[in-house]
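Colleague:
Numbering (UniProt numbering), first residue to last: 1 to 402.
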């Protein structure tokens, strides 16, 4: 999971060994931004209609009363943020004091292990990849404009824009700049709604509107044929000039000197889950059913080895030699633990989500997790965490150095 303050990321050890550190570091830095972009695509795709309607109303009010929003809205947002921070801090302080009092009153021996709390609402690497896939799906489903790359489609679009221009000018005079921005943003937000698609299909299947649009398009093509031919010839000459300049550009880029060696460090937070089941007469043991999860799993419920056997990969070296420039590049990847030992994740203790030892108790199907065992609690799990650092550096050796 991502820790914004320290720059940590949780990821499976096998996946971390396959991803280049530069790409991994980029995903860590862009993880929160990708999360908010995925939430925005959810609004655009109308997965939550209430949130999408609220976004449309907020956009219209922002464009209509821009000055009032800037004068009164921004200070109000700051006051609300400060009030929420103060309220959450006071509530957490009271819960922590109550938890310390109850813990002091309890009897029993505590585990001799370290405990820690992760930041609230972190983003995991799996979530970041899922968000990227969601953004990619929305992008490719709403990129009909890429079909305008051909010359004929561009000409049709230009003719339509010329005929639409009087209507566009009238809307600007009537609505003004604020109204135009409100109208354009509303159309952008509503374009993916189900009822908008239904209305659009109904208009496309209307024969009267279809023949009228077709006649207008044919008339525009006949009227501006000569202008289109001149534009086409100018495009050809520009393309030929660009083609003649391409070899010189490639030659200049190929003559660049090789880059110096680099060093990249990525901080990672490994998470593993310890799973146990309750058996009458035996208590809590790691003897689980064959059809369920293993005693030790990752956050995707994939079986892994125990925390005592969890080892970092060994140092790897890969050498690339360029025979033309006589330069040898050696890439070294090494792993280092930054924590001495594994520690129990106590995130959620103040919210009564885990007990004093970090356990969550569930029913026979690992559902309805709670912080205290009940009469129907037959399973439990807790999270262990440990930080590590992936270091990649490149060494450049020439013939003179040898």
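Backbone N, C-alpha and C fix where the C-beta goes; we use that ideal spot for every residue, glycine too.
If you're wondering where the values come from, they're calculated on a predicted model, not measured in any experiment.
Sorted by chain position, which residues of the same chain lie with C-beta nearer than 7 Å to residue 398's C-beta, five sequence neighbours on each side aside?
Modeller: These residues qualify, in order along the chain: 326, 327.
Colleague: Could you please give the first and the last residue of the uninterrupted alpha helix (DSSP H) stretch that includes residue 301?
Modeller: That residue, residue 301, is in no alpha helix (DSSP H); it is neither H nor E in DSSP.
Colleague: If I follow the unbroken beta strand (DSSP E) through residue 388, where does it start and stop?
Modeller: Taken as a continuous stretch (DSSP letters only), the beta strand (DSSP E) holding residue 388 covers 379-398.
Colleague: Less than 8 Å between the CB atoms is what I'm expecting for residue 277 and residue 378, so what's the real figure, rounded?
Modeller: Contact holds; Cβ gap of about 6 Å.
Colleague: Could you check what DSSP says for residue 68 in three-state terms: helix, strand or coil?
Modeller: Three-state DSSP puts residue 68 in a helix.
Colleague: Residue 370: which of 349, 390, 385, 386 sits nearest, CA to CA?
Modeller: Closest option to residue 370, Cα to Cα, is 349.
Colleague: Note down, in chain order, each residue of its chain lying with its Cβ closer than 8 Å to the Cβ of residue 289, except the 5 sequence neighbours on either side.
Modeller: Hits under 8 Å: 277.
Colleague: Could you please give the first and the last residue of the uninterrupted alpha helix (DSSP H) stretch that includes residue 41?
Modeller: Unbroken alpha helix (DSSP H) run through residue 41: 21-44.
Colleague: Could you tell me whether the stretch 72-81 touches the stretch 170-188, using the rule of 3 or more Cβ pairs below 8 Å?
Modeller: Result no; under three Cβ-Cβ pairs closer than 8 Å.
Colleague: Would you check if the stretch 32-46 and the stretch 192-199 touch, i.e. whether three or more CB-CB distances between them fall below 8 Å?
Modeller: Touching, yes.
Colleague: Please state whether the Cβ-Cβ distance between residue 272 and residue 343 is less than 8 Å.
Modeller: No; because the gap between Cβ atoms is not below 8 Å, this pair is not in contact.
Colleague: With a floor of 3 residues, list each beta strand (DSSP E) that falls wholly inside the stretch 335-363, ordered by position along the chain.
Modeller: Within the stretch 335-363, the complete beta strand (DSSP E) runs of at least 3 residues are 343-345, 360-362.
Colleague: What is the DSSP secondary structure of residue 84, reduced to helix, strand or coil?
Modeller: Of the three classes helix, strand and coil, the one that applies to residue 84 here is helix, per DSSP.
Colleague: Just confirm the distance between the C-beta atoms of residue 52 and residue 189, as a whole number of angstroms; I'd bet it's less than 8 Å.
Modeller: Going by Cβ atoms, the distance from residue 52 to residue 189 rounds to 7 Å, so yes, they are a contact pair.
Colleague: Would you tell me roughly how many angstroms separate the C-alpha atoms of residue 391 and residue 26, rounded to the nearest one?
Modeller: Going from the Cα of residue 391 to the Cα of residue 26 covers about 15 Å.
Colleague: Counting pairs of Cβ atoms below 8 Å between the stretch 86-93 and the stretch 199-214, do you hit three or more?
Modeller: Contact fails: fewer than three Cβ-Cβ distances are below 8 Å.
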